[in-house]
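Here the sequence shown is numbered in our numbering, starting from 114 and rising by one per residue. By construction, the Cβ of each residue, glycine as well, lies at the ideal position given by its N, Cα and C atoms. Because the structure is a prediction, the values reported are computed rather than measured. Notes follow the structure.
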Amino acid sequence: MERKKIGMAADHGGYNLRKWLTQKLQEEGYEIVDYGNTVLDTQDDYPDFVIPMATDIGNGTLSRGIAVCGSGVGACIAANKISGVRACLITDTFSAHQGVEDDDMNLICLGGRITGSYLAVELVKSFLDAEFSGLERHNRRLSKIKSLE
């Protein structure tokens with residue numbers, strides 16, 4: 114799978130931040146698989162966009178994704194319902210890379226109404242640049258989580 118190919122999903126609460134991130138990531142050479150919403154619709158629902166993207170991450174079609182809703186909480190809850198997805202609401206750069214390195218996080222959730230656009234770019238870059246360590250203790254922990262799926 115290409116590391117530069119990532120999914121992006123957002124409802125109305127994350128619409129503007131999604132547009133900003135898409136532009137910035139494309140400038141960095143990333144290919145964005147856009148799960149929508151592609152129009153600003155204040156009546157849309159984040160599961161309609163997040164779940165299809167999370168499903169593609171869970172089945173291995175994509176290796177990473179970015180989900181944005183108003184707070185990031187709903188997108189995170191929805192994404193984590195999909196087997197194979199390890200999503201987290203991220204607000205700091207340490208957690209953005211540490212979540213990948215230690216916990217093999219594959220989907221970052223952001224709050225479109227609470228995360229500034231420049232910070233969002235830093236968080237996403239930290240997430241995308243990180244790699245899972247593969248250390249025994251991390252694999253052991255992940256095995257315990259995967260057994261619940």
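For this session: Go through the region 174-217 residue by residue and report every complete run of the alpha helix (DSSP H) that reaches 4 residues or more, in order.
Result: Runs of the alpha helix (DSSP H) lying entirely within the region 174-217, each at least 4 residues long, are 186-192, 206-216 in chain order.
Problem set entry | Cα-Cα separation between Ala123 and Ile145, rounded to whole angstroms | Distance between the alpha carbons of Ala123 and Ile145: 13 Å.
For this session: Work out the CA separation of Gly197 and His251 for me, nearest whole Å.
Result: Approximately 15 Å between the Cα atoms of the pair.
Problem set entry | Span of the beta strand (DSSP E), counted from its first residue to its last, around Glu249 | That residue, Glu249, is in no beta strand (DSSP E); its alpha helix (DSSP H) goes 249-259.
For this session: With distances taken Cα to Cα, identify the nearest neighbour of Arg131 among Arg253, Ser246, Gly173, Val234.
Result: Ranking the options by Cα distance to Arg131, first place goes to Val234.
Problem set entry | Cβ contact check for the region 209-219 and the region 148-157: 3 or more pairs under 8 Å | Fewer than three pairs of CB atoms, one per stretch, sit closer than 8 Å, so the region 209-219 makes no contact with the region 148-157.
Exercise. Using the beta-carbon count (16 or more within 10 Å), is Asp205 buried or exposed?
Worked result: It counts as exposed.
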